[in-house]
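Heads up, the thing below is written out as structure tokens.
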Amino acid sequence: MRPRPDIHARWCARSTMKILDAGTQPLSNQDVLTWVASKRAQHTAENSATKGKGKGKDQQPSTHPSNFLASLTKHERELKDPKKYPYVNNPTAYNGTFDAMRKFDELLLERIYIPLEDKYRETTTMTAEEAGKALGKEQDEKTLTETEQLMLFNHAPQGVEQLQPMLENCEERFTAEEQQVLVDCVMEVYRGDEMGRKGEGGVGGQNGGSEP
1 MRPRPDIHAR WCARSTMKIL DAGTQPLSNQ DVLTWVASKR AQHTAENSAT KGKGKGKDQQ
61 PSTHPSNFLA SLTKHERELK DPKKYPYVNN PTAYNGTFDA MRKFDELLLE RIYIPLEDKY
121 RETTTMTAEE AGKALGKEQD EKTLTETEQL MLFNHAPQGV EQLQPMLENC EERFTAEEQQ
181 VLVDCVMEVY RGDEMGRKGE GGVGGQNGGS EP
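Mapping to the UniProt record's numbering: the sequence shown position 190 is 190, numbers consecutive.
Structural data, given as structure tokens:
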């Protein structure tokens, strides 16, 4: 009894999603940081172009609204705070691609969804058809929504108490063991750089938790 094909298709589609436009797709915090960097690069290029076209020494760079520039700075400073968010300390995961999210999905498939098969394969109280339907239902219930995926990606919770508020009906959908597996997957994928440095004893003071 294998996981149903539609679940695999759903994971593949989500793992390869691309942010095409800020107004049509939900953005991760990583996407926001990338967007801020691109706007800064755009402003620099515009200023350089303006200087190049100027005929006199008094030619000034094009101006940008001060409130907009202040907003860019505020968001960048907030999201780069290592005590609140994982991005600065984990560049391998937050590298501008969806590779980390894809790896996280693969771990969930391996460590949570596939093991459910054994539970229903060994049952003696259901027919094969009933077991298959029950398996599909439970796998669907445990499949993370896109919003939940983004919450975990954005905050990378370091403990079950931080994980639970990020997943709807978490304690009803996942056993205590499965919740810990979710946290372990988060730490392995989204905080892998931090975990590697801790293992080497190279960096301390990384215990600031993510805020839900």
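Note that CB positions come from ideal geometry on N, CA and C, so glycine has one too. This structure is a prediction, so every number in the text was calculated from the model and none was measured.
Heavy atom of the ligand MG within 7 Å of residue i beta-carbon
{"i": "Asn-90", "result": "Ligands in the displayed structure: none, and consequently the ligand MG is not present."}
Three-state secondary structure assigned by DSSP to residue i
{"i": "His-64", "result": "coil"}
{"i": "Gln-158", "result": "coil"}
{"i": "Met-126", "result": "coil"}
{"i": "Ala-131", "result": "helix"}
Beta-carbon proximity list for residue i, same chain, < 7 Å, skipping 5 on both sides
{"i": "Met-187", "result": "Gln-158 and Met-195"}
{"i": "His-75", "result": "Val-32 and Val-36"}
Close-in-space but distant-in-sequence residues of the same chain around residue i (CB under 6 Å, 5 per side omitted)
{"i": "Pro-82", "result": "Val-88 and Asn-89"}
{"i": "Glu-141", "result": "Arg-173"}
{"i": "Leu-107", "result": "Cys-185"}
{"i": "Arg-111", "result": "Val-181"}
{"i": "Tyr-85", "result": "Leu-79"}
{"i": "Arg-191", "result": "Pro-86, Asn-90 and Ala-156"}
Contacts around residue i, its chain only, beta-carbon distance under 8 Å, and the 5 residues preceding and following it disregarded
{"i": "Gln-179", "result": "Val-160, Leu-163, Gln-164, Cys-170 and Glu-171"}
{"i": "Met-126", "result": "Tyr-120 and Ala-134"}
{"i": "Arg-40", "result": "Leu-72"}
{"i": "Ala-131", "result": "Met-1, Tyr-120, Arg-121 and Thr-123"}
{"i": "His-64", "result": "His-43"}
{"i": "Val-189", "result": "Ala-93, Ala-100, Lys-103, Phe-104 and Leu-107"}
Contact belief for residue i with residue j at Cβ below 8 Å, rounded distance in angstroms
{"i": "Leu-150", "j": "Ser-28", "result": "5 Å"}
{"i": "Glu-146", "j": "Leu-167", "result": "No, Glu-146 and Leu-167 are not in contact; Cβ-Cβ is about 13 Å, not under 8 Å."}
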